[in-house]
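One structure is given here, and the rest of the page talks about it.
Numbering (our numbering), first residue to last: 620 to 1192.
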């Protein structure tokens, strides 16, 4: 009995002594490579990959695949492309390998080759939304917008993703279809209502369409979900700024300065807030900081020229405005502002050419014709001034049918010019009397006392308060101080001898604005004083410095030079 039990006990270890089956040699270290890769221990991962490839003589697909991913992360796109092509050779029916090859080709800028590889990958997997999405992106880069929209719509039918909706909306914006873009973004927001990027983009589009209620709603929702969303805060501050609430806008911009202190739109908007408060030196400092951060942004150059023109620094204004014309040669207001500067630089010949170019680019702006008529009148060309005056009246009548209100300074200059030209005034300009003005001011004050202030939307108000509390946690004492944090100072441009000092120029500009409001006692002389506020205020209203989240298309058209524009700086030094 004892011998039998010992024999049975001896049989148990024999049954458990079998070894575990060894993995194939090609996949021996795949688990270790994966572990190092997800831990981002790329040095150890490279060592494991090297050992694996040496044992398999370069036939391990997974090791080559991970090596290609590491090369892509290191910026070695060409090396990663070659390794992904090796993976495609080792496993030709894998759609993932082909997608990675196409991705590397896309990163190298070879969009047509990437499209061919994506189409090949689509034959192996027809229901992959990522392939359709990437095909749409490639077609968008090649400006094939119809094909891009088809592929992106196919991707949305296969699987709804916010990224696909963002790209599809961007294509509609590139085509100029803002309504279609809004519809795409609205559907995307219904699918993912907490996506702050979608909410901010939709709010910006409503802001461009001047639908302030919906813009406030979406921007407020974005700030509710993310109080530190600097794009939404910057957009809300821009709306405050466009309504003249400069102090409130500066408070919002302080929160943005904590998140993105090197944002060109931020310093551009801060500079124009100081411009609205008539602090011209501070405005120039902020705008030059924005210009330093984005030297090819035409809006910043436009605003710099505007401020220098207000300070009667005409040479500096010409420098910035001409640079803006080079970057945006299809904007009529730039040419009109350039003509104003040339007029002050006593170069009427080039000023006329600038007005002609502005009139050719914009056939609906009455201010161009009005300023041109004043220049012609001051030069003694009364017949051409009459023609431009009638052209201005025609444009103003067309705008008046659209219920557009005109600036008071513009109406004043138009009436004075009509009287100087001895023309019969039609019932086009309706100028309220003092009594009506006082009544209107009384009614507006009552309305303002009863109506909710700008930005009193409940969602936006709560979001703004949460954004302010978020800023207080970042900067101690941010809620108590009303001054902006001082950034690193930039070197100002050297002051030429012909330009006035900033303080003197500021007082001179204020004196000019006060003197421009006085009517001339006699129109017998040829010199008709034009208040600079007519140009400046109109242009400031039309081009509020608002650049949040949107990219402006740069035109490649050749700049149309004037006859003597090249030697202008030499003539007026």
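The beta-carbon is built from N, C-alpha and C at its ideal position, and this holds for glycine as well.
With distances taken Cα to Cα, identify the nearest neighbour of residue 862 among 848, 716, 826, 841.
Position 243 of the chain shown, counted from the first residue, corresponds to residue 862. Among 848, 716, 826, 841, the Cα nearest to that of residue 862 is on 826.
Using a 10 Å radius around the Cβ and a threshold of 16 neighbouring Cβ atoms, would you call residue 812 buried or exposed?
The residue you call residue 812 lines up with position 193 of the chain shown. Under the 10 Å beta carbon count, residue 812 is surrounded by fewer than 16 other beta carbons and is classified as exposed.
Helix, strand or coil at residue 747 [DSSP, three-state]
Here residue 747 refers to the residue found at position 128 when the chain shown is read from its first residue. Looking at residue 747 - three-state DSSP - the assignment turns out to be coil, as it is neither helix nor strand.
8 Å CB neighbourhood of residue 1001 in its chain, flanking five on each side removed:
Counted from its first residue, the chain shown places residue 1001 at position 382. Counting only Cβ-Cβ distances below 8 Å, and skipping sequence neighbours, we find 995, 1040.
Pairs of beta-carbons, one from the segment 848 to 858 and one from the segment 875 to 888, closer than 8 Å: are there three or more?
Taking 8 Å as the limit for Cβ pairs, the verdict is that the segment 875 to 888 does touch the segment 848 to 858.
How is residue 781 classed by DSSP in three states: helix, strand or coil?
What you label residue 781 is simply residue 162 of the chain shown in a count that begins at 1. Residue 781: helix per DSSP, three-state reduction.
Between the alpha carbons of residue 898 and residue 886, how many angstroms are there, rounded?
Along the chain shown, one-based indexing puts residue 898 at 279. Along the chain shown, one-based indexing puts residue 886 at 267. Roughly 15 Å between the two C-alpha positions.
What separation, rounded to the nearest whole angstrom, lies between the Cα atoms of residue 564 and residue 1037?
Coverage of the chain is limited to positions 620 through 1192, which leaves residue 564 absent and any answer about it impossible.
DSSP three-state call for residue 1059: helix, strand or coil?
In the chain shown, counting from the first residue as 1, residue 1059 sits at position 440. Interpretation of residue 1059 is limited by its pLDDT of 42, a score under 50 that renders its predicted location unreliable; no figure is taken from the coordinates.
Exposure label - residue 1013; buried when at least 16 CB within 10 Å:
Locating residue 1013 in the chain shown gives position 394, counting from the first residue. Counting the other CB atoms within 10 Å of its CB gives residue 1013 a total below 16, which places it among the exposed residues.
Integer Cβ distance of residue 717 from residue 707, believed to fall under 8 Å:
Taking the first residue of the chain shown as position 1, residue 717 is located at position 98. Taking the first residue of the chain shown as position 1, residue 707 is located at position 88. Going by Cβ atoms, the distance from residue 717 to residue 707 rounds to 6 Å, so yes, they are a contact pair.
Would you identify the three-state DSSP class for residue 1025, choosing helix, strand or coil?
Residue mapping note: residue 1025 aligns to position 406 of the chain shown, counting from 1. Looking at residue 1025 - three-state DSSP - the assignment turns out to be coil, as it is neither helix nor strand.
Would residue 683 pass as a contact of residue 705 if the rule is Cβ separation under 8 Å?
The residue labelled residue 683 in the question sits at position 64 within the chain shown. The residue labelled residue 705 in the question sits at position 86 within the chain shown. Yes, they are a contact pair.
Inter-residue Cα distance where the pair is residue 999 and residue 905
Translated into the one-based positions of the chain shown, residue 999 becomes position 380. Translated into the one-based positions of the chain shown, residue 905 becomes position 286. Cα-Cα distance, rounded: 41 Å.
Count the other CB atoms, across all protein chains shown, that sit within 10 Å of the CB of residue 1100; report buried if there are 16 or more and exposed otherwise.
Translated into positions along the chain shown, residue 1100 becomes position 481. Low local confidence applies: a pLDDT of 32 at residue 1100 is under 50, so the model's placement there is unreliable, with the coordinate-based value given in what follows. Exposed.
Could you tell me if residue 978 is buried or exposed, where buried requires 16 or more neighbouring beta carbons within 10 angstroms of its beta carbon?
Counted from its first residue, the chain shown places residue 978 at position 359. The residue is buried, with at least 16 neighbouring Cβ atoms inside 10 Å.
Rounded C-beta distance between residue 974 and residue 984? I'm assuming under 8 Å.
Working through the chain shown from its first residue, we reach residue 974 at position 355. Working through the chain shown from its first residue, we reach residue 984 at position 365. The beta carbons of residue 974 and residue 984 sit about 11 Å from each other, so the pair does not count as a contact at 8 Å.
Is the Cβ-Cβ distance between residue 768 and residue 782 less than 8 Å?
What you label residue 768 is simply residue 149 of the chain shown in a count that begins at 1. What you label residue 782 is simply residue 163 of the chain shown in a count that begins at 1. Contact flag unset, no.
Buried or exposed for residue 976, going by 16 or more other Cβ atoms inside 10 Å?
Translated into positions along the chain shown, residue 976 becomes position 357. Classification of residue 976: buried, given that the 10 Å Cβ count is 16 or more.
Please list, in chain order, all residues of the same chain as residue 865 whose beta carbon is under 7 Å from its beta carbon, the five residues on each side excluded.
Sequence index remark: in the chain shown, residue 865 carries index 246 (1-based). The residues are 892, 895, 896.
By how many angstroms is the C-alpha of residue 754 removed from the C-alpha of residue 673?
Counting from 1 along the chain shown, the entry for residue 673 is found at position 54. Counting from 1 along the chain shown, the entry for residue 754 is found at position 135. Roughly 37 Å between the two C-alpha positions.
With H, G and I counted as helix, E and B as strand and the rest as coil, what does DSSP make of residue 983?
Stepping through the chain shown from its first residue, residue 983 is reached at position 364. Shown here, residue 983 sits in coil according to DSSP, grouped into three states, outside any helix or strand.
When you compare the CB of residue 970 with every CB in chain D, is at least one pair closer than 8 Å?
Among the chains in the structure shown there is no chain D, since it carries only a single protein chain.
What are the boundary residues of the alpha helix (DSSP H) that residue 653 is part of?
Along the chain shown, one-based indexing puts residue 653 at 34. Its alpha helix (DSSP H) spans residues 649 to 657.
Hey, residue 815 and residue 844: beta-carbon distance below 8 Å or not?
Position 196 of the chain shown, counting from 1, holds the residue named residue 815. Position 225 of the chain shown, counting from 1, holds the residue named residue 844. With respect to residue 844, residue 815 sits close: the two C-beta atoms are nearer than 8 Å.
For residue 733 versus residue 724, is the C-beta distance shorter than 8 Å?
Here the question's residue 733 lines up with position 114 in the chain shown. Here the question's residue 724 lines up with position 105 in the chain shown. Yes.
Would DSSP call residue 848 helix, strand or coil?
Residue numbering aside, residue 848 sits at position 229 when the chain shown is read from its first letter. If DSSP states are grouped into helix, strand and coil, residue 848 belongs with coil.
Less than 8 Å separating the beta-carbons of residue 958 and residue 942?
Sequence index remark: in the chain shown, residue 958 carries index 339 (1-based). Sequence index remark: in the chain shown, residue 942 carries index 323 (1-based). Their beta carbons are not under 8 Å apart, which means residue 958 does not touch residue 942 by this criterion.
Alpha carbon to alpha carbon, how far is residue 1006 from residue 954? Give it in angstroms, no decimals.
Here residue 954 is taken as the residue at index 335 of the chain shown, counted from 1. Here residue 1006 is taken as the residue at index 387 of the chain shown, counted from 1. Between the C-alpha atoms of residue 954 and residue 1006 there is a straight-line separation of about 20 Å.
Could you pull out every residue in the same chain whose Cβ sits closer than 6 Å to the Cβ of residue 963, ignoring the five residues on either side in sequence?
Residue mapping note: residue 963 aligns to position 344 of the chain shown, counting from 1. Here the set comprises 933.
Going by beta carbon distance, what residues of the same chain come within less than 6 Å of residue 700, once the five residues before and after it are set aside?
Translated into the one-based positions of the chain shown, residue 700 becomes position 81. For residue 700, where only same-chain residues beyond five positions count, the Cβ hits under 6 Å are 723.
Measure the C-alpha to C-alpha separation of residue 785 and residue 703 and round it to an integer number of angstroms.
Locating residue 785 in the chain shown gives position 166, where the first residue counts as 1. Locating residue 703 in the chain shown gives position 84, where the first residue counts as 1. So the alpha carbons of these two residues sit roughly 29 Å apart.
7 Å CB neighbourhood of residue 679 in its chain, flanking five on each side removed
Numbered from its first residue, the chain shown carries residue 679 at position 60. Excluding positions up to five away in sequence, the list reads 645, 671, 672.
Where residue 877 falls: helix, strand or coil (DSSP)
By 1-based counting over the chain shown, the position of residue 877 is 258. Helix, per DSSP.
For residue 721, which residues of its own chain have a beta-carbon under 6 Å away from its beta-carbon, when the five flanking residues on both sides are left out?
Counting from 1 along the chain shown, the entry for residue 721 is found at position 102. Setting aside the 5 residues that flank it on each side, residue 721 is surrounded in the same chain by 733, 736, 737, each with a C-beta closer than 6 Å to its C-beta; the list follows chain order.
Could you compute how far the alpha carbon of residue 665 sits from the alpha carbon of residue 830?
For the purposes of this step, residue 665 is identified with residue 46 of the chain shown, where counting begins at 1. For the purposes of this step, residue 830 is identified with residue 211 of the chain shown, where counting begins at 1. Here the C-alpha atom of residue 665 lies approximately 55 Å from the C-alpha atom of residue 830.
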